[in-house]
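Contents: one structure, followed by commentary.
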Amino acid sequence: MYKGTYVAMSGAVLRSQELDNVANNLANASTAGYKRTIFSSQLYPLMAGNPQKQDSLYPDARAMSYIGAYHIDASEGDMKMTGNPLDLAIRGDGFFAVEGKGKTLYTRNGSFSRDKDGFLVTAGGLKVLDTANSPVRAAGETVNISPDGNIYVNGTPAGKLKFVNINAIMHVGDSLFSGAEAGLAKGEILQGNIEMSNVNPVREMVGIISALREYEAAQKVIQNFNDLAQRTVSEIAKV
Numbered sequence: 455m456y457k458g459t460y461v462a463m464s465g466a467v468l469r470s471q472e473l474d475n476v477a478n479n480l481a482n483a484s485t486a487g488y489k490r491t492i493f494s495s496q497l498y499p500l501m502a503g504n505p506q507k508q509d510s511l512y513p514d515a516r517a518m519s520y521i522g523a524y525h526i527d528a529s530e531g532d533m534k535m536t537g538n539p540l541d542l543a544i545r546g547d548g549f550f551a552v553e554g555k556g557k558t559l560y561t562r563n564g565s566f567s568r569d570k571d572g573f574l575v576t577a578g579g580l581k582v583l584d585t586a587n588s589p590v591r592a593a594g595e596t597v598n599i600s601p602d603g604n605i606y607v608n609g610t611p612a613g614k615l616k617f618v619n620i621n622a623i624m625h626v627g628d629s630l631f632s633g634a635e636a637g638l639a640k641g642e643i644l645q646g647n648i649e650m651s652n653v654n655p656v657r658e659m660v661g662i663i664s665a666l667r668e669y670e671a672a673q674k675v676i677q678n679f680n681d682l683a684q685r686t687v688s689e690i691a692k693v
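If you're matching positions, the sequence shown starts at 455 in this note's numbering and goes up one per residue.
Take a look at the structure:
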């Protein structure tokens, strides 16, 4: 009885987390370069016929509890033409590299501008890096960037943008990600464009409806177990 309550409760908690995840995706539907997060869940590994596998944070937890995990959907979003020469989008694979606090971060949000010193920066003020891991300086009247990332300022070569593939990708905030570099990307840069979020609002709304129904079902199961427990106690008291 209590085991059943625990299982239903773990399911309800995960559905709540799923709702939070979908809400976050919807909130970033118009954020350039944002990648939607997918939340998935499954039965605790012990139910898969692996009684020796104790990779849960709580090894002594009930065998039928649920566990959840987050995954990032790195698929490409729609391209939006802006005509701004400092707006850059990547068609295909790859992420721009930017200078974070003590480490390199990555983004698909190419809505760049120049700071007071002429360095190319993100909307949050992080400097964009070139293939030498140095900040890109683009101080000049005209800035042209080729599909392979070569930068020309007033017609003079000024370096090459670094855009790479990454593994073990994780959200850091907004459209910034961390991860392990996995070689140069084979995508191409589109100047005068930005990549929009890959969030599909209709799909996310369907996810909300599904999660709500499952959450309500878990609540009913918990209530049924509670009612059964109360009846059991009442019957025992009569003996």
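Ideal placement from N, C-alpha and C gives every residue a C-beta, glycine not left out. If you're wondering where the values come from, they're calculated on a predicted model, not measured in any experiment.
Here the alpha carbons of H625 and G633 stand approximately 9 angstroms from one another.
DSSP places D474 within a helical segment (H, G or I) once states are collapsed to three. Out of G537, S588, F631 and G572, the CA that lies nearest to the CA of G594 is found in G572. When Cβ pairs closer than 8 angstroms are counted between the two stretches, the stretch 469–478 is seen to touch the stretch 656–674, the count reaching three or more. Here the C-alpha atom of P589 lies approximately 9 angstroms from the C-alpha atom of V575. Between T585 and K616, the CB-CB gap stays under 7 angstroms. Its Cα nearest to that of F631, the residue A551 stands out among A551, V653 and K534. Separation of the CB atoms of E649 and E530 is rounded to 7 angstroms, and the pair is thereby assigned contact status at 8 angstroms. DSSP places T561 inside the beta strand (DSSP E), whose first and last residues are T558 to T561.
Within the stretch 555–595, no alpha helix (DSSP H) run of at least 4 residues lies entirely inside it.
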